[in-house]
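Numbering of the sequence shown is given in the numbering used here, commencing with residue -1 and proceeding in unit increments.
Ideal placement from N, C-alpha and C gives every residue a C-beta, glycine not left out.
Just so we're clear, the structure is a prediction, and the values are computed from it rather than from any experiment.
Encoded as structure tokens, the structure appears first; notes follow it.
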Amino acid sequence: MRDPHSRPVRGAAHSKLIMSVRCAALSLLLSSCSGDLPVQREAQRTPEDVLALPYSIVCIIHGDGDYLYHDTSGNEKKADEEALAGAQRVALQNPCAEVFIFHQRARRHFLLLFPLHDGEFYYYRNGRLIANEAYWRDGGQSRFGPEAELYRRFRGNGRNGKMSVFLYDGHEIPEFGGAGYDASSPDRTFTLHDFVEGVEDFASDSTRFDLMVLSTCYNGTPYTIGALESFARYIVASPDNLHLSYFDLHSLERLDLHVQDGDVHSFAKRFARQAFDRLTRDIQTAVSVAVYDVDRTRDFLSSVHGMYDHTLTAVRGAAQASMATVEHCDCADIPAYVLPTMKEGVDVFYRPARFGRSKEKQNHSGWECWKERGPQVAAPQTTEPVPH
-1 MRDPHSRPVR
9 GAAHSKLIMS
19 VRCAALSLLL
29 SSCSGDLPVQ
39 REAQRTPEDV
49 LALPYSIVCI
59 IHGDGDYLYH
69 DTSGNEKKAD
79 EEALAGAQRV
89 ALQNPCAEVF
99 IFHQRARRHF
109 LLLFPLHDGE
119 FYYYRNGRLI
129 ANEAYWRDGG
139 QSRFGPEAEL
149 YRRFRGNGRN
159 GKMSVFLYDG
169 HEIPEFGGAG
179 YDASSPDRTF
189 TLHDFVEGVE
199 DFASDSTRFD
209 LMVLSTCYNG
219 TPYTIGALES
229 FARYIVASPD
239 NLHLSYFDLH
249 SLERLDLHVQ
259 DGDVHSFAKR
269 FARQAFDRLT
279 RDIQTAVSVA
289 VYDVDRTRDF
299 LSSVHGMYDH
309 TLTAVRGAAQ
319 ASMATVEHCD
329 CADIPAYVLP
339 TMKEGVDVFY
349 RPARFGRSKE
359 KQNHSGWECW
369 KERGPQVAAP
379 QTTEPVPH
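Structure (structure tokens):
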């Protein structure tokens, strides 16, 4: 015989379960909408905690795009998450540094309705994680406004630095256009102009970063290096396609041991060399990594500024019709750029592709330009479907 009280009991239990689920969902929603969500933070900063440390690293990782790739074993990986893991490893291995890591994520929603934070911030000091906060990326007047605000809030006071590093990891920073850079916000644009404004927010004290690393494709151009000359002493960038938009970061570990003499230029070359060696081991396409001594490149940049600006104007016009009419090229392929000052202040690590017509190109100037696209030649197929 059925218990006459069983249905009400089950109904009450079911209602309680639904209520619990709703409460849990509401709790998660409220936490996701919080403007300031510290996951881990020291309860109180001591006087020592607000003093500047000898080494400082700011790392911005763009993850709102197509960063999926497959390793040699066929395993799916995401380049931005790999970069995040590498940056966190660097932070843990630097006992005399403060490290700021900003992971710009794609827009997500809870229960398909409620927006979640699209940025995550990590602050390390003396090799320890001090703060981990979610934040909104679309706040502030500049592209990096929310990131710069967090940077100013946590950074040490004063200037006691032996070396400061700014690293950006993502797709090519467009010199024009910039629509669709964020996959989840196709109407939001991002160009080199926006990038420069964002970097300026971090360098508000008028002090240049000792080293800037652009872990992106095709940003070793006269226009890019010239635009950043007020914010960095040395820049490491690729003037070519950079597979996975990924530089190896191991060189940034234990800066207290590797930069004791303050020779940033030598360190930048070691960093570039190690990144180059890693890339040449993993891929078969052309690899180029360059170190720019910004002050020493100024004569060349001044000489070619007018030409490059004129070409960029023409390329912008072509982009309105079709990007199929223009392509990247080594600036040395354009005679007007081959000046006595072209090699001044540039250290280039280059290896030609293992296949295709580009395998015949044995050298690279370290500078990338634009030119009209020539007759199309069928390119060989490759199994390295990686973004740039």
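Could you check which residue in the options has the C-alpha nearest to that of residue i?
i	options	result
Y58	A330, E96, E145 and P237	Residue identity check: residue 58 is Ile in the sequence provided, not Tyr. Comparing Cα-Cα distances from I58 to each of A330, E96, E145 and P237, the minimum goes to E145.
V194	D293, F229, T311 and S162	F229
G196	Y221, L226 and P184	L226
S236	F142, V336, V287 and T339	V287
R150	A334, P93, V56 and K341	V56
E131	R296, S300 and F98	F98
R103	V344, G61, F119 and Y122	G61
D64	K75, T70 and S71	K75
G143	L109, D199, G125 and Y120	D199
T283	S71, D185 and K357	K357
V234	Y166, R123 and R352	Y166
N92	D291, Q258 and L253	L253
D280	H241, T295 and M210	H241
D331	M210, W365 and R105	W365
I393	G304, H115, S264 and T187	Past the edges of the chain, shown from -1 to 386, lies residue 393, and the structure says nothing about it.
Y121	F274, L82 and R276	L82
M305	R141, P220, A181 and M210	P220
Y416	H263, R141, F274 and S182	Look at the range of the chain in this structure, -1 to 386, and you will see that residue 416 is not part of it.
L49	A201, M210, C94 and F119	C94
To the nearest angstrom, how far is the alpha carbon of residue i from that of residue j?
i	j	result
G176	F112	28 Å
D192	G168	14 Å
N73	Y67	8 Å
V346	L212	15 Å
Y133	F152	14 Å
G33	A129	Its pLDDT being 40, under 50, G33 is placed unreliably in this model, and the value from its coordinates should be taken loosely. Going from the Cα of G33 to the Cα of A129 covers about 15 Å.
S29	R87	Because the pLDDT of S29 is 41, which lies under 50, any placement of that residue in the model is unreliable, and the question is left without a value.
T278	F269	14 Å
L337	G218	17 Å
K369	V302	15 Å
A316	F174	11 Å
G154	F164	16 Å
G343	P333	20 Å
A266	E251	13 Å
E40	T205	With a pLDDT of 46 at E40, under the threshold of 50, the predicted position of this residue should be treated as unreliable, though the coordinate-derived value follows. If you take the alpha carbons of E40 and T205, they lie about 29 Å apart.
D275	L255	21 Å
R135	H115	8 Å
L127	Y335	47 Å
F353	T323	24 Å
C367	M210	21 Å
S394	N361	It is not possible to answer for residue 394, since the shown part of the chain is limited to -1 through 386.
D259	T295	24 Å
H107	T70	33 Å
F119	A201	19 Å
L109	D185	24 Å
Using beta-carbon positions only, say whether residue i and residue j come within less than 8 Å of one another.
i	j	result
R355	E325	no
F100	G84	no
T222	L190	yes
S363	D307	no
Q272	D246	yes
K359	P350	yes
Y232	D261	no
G125	L90	yes
V285	Y348	yes
Y244	A77	yes
M161	V313	no
D293	T339	no
Could you give the C-beta distance for residue i and residue j, rounded to a whole number, given that I count them as a contact under 8 Å?
i	j	result
S54	G159	6 Å
E96	L51	5 Å
L310	G224	The pair is not a contact, with the Cβ atoms about 11 Å apart (cut-off 8 Å).
S182	R105	4 Å
(message) Ignoring anything shorter than 3 residues, give me the beta strand (DSSP E) runs that lie fully in the region 284 to 337, in order along the chain.
(response) The DSSP assignment places 285 to 291 and 324 to 328 as complete runs of the beta strand (DSSP E) inside the region 284 to 337, in order along the chain (cut-off: 3 residues).
(request) Please list the segments of the alpha helix (DSSP H) lying wholly inside the region 124 to 195, counting only runs of 4 or more residues, in order along the chain. (result) Whole alpha helix (DSSP H) segments, 4+ residues: 143 to 152.
(request) Report the residue ranges of all beta strand (DSSP E) runs contained in full by the region 62 to 107; include only those spanning at least 3 residues, in chain order. (result) Along the region 62 to 107, the beta strand (DSSP E) occurs as fully enclosed runs of 3 or more residues at 66 to 68, 74 to 76 and 95 to 102, listed in sequence order.
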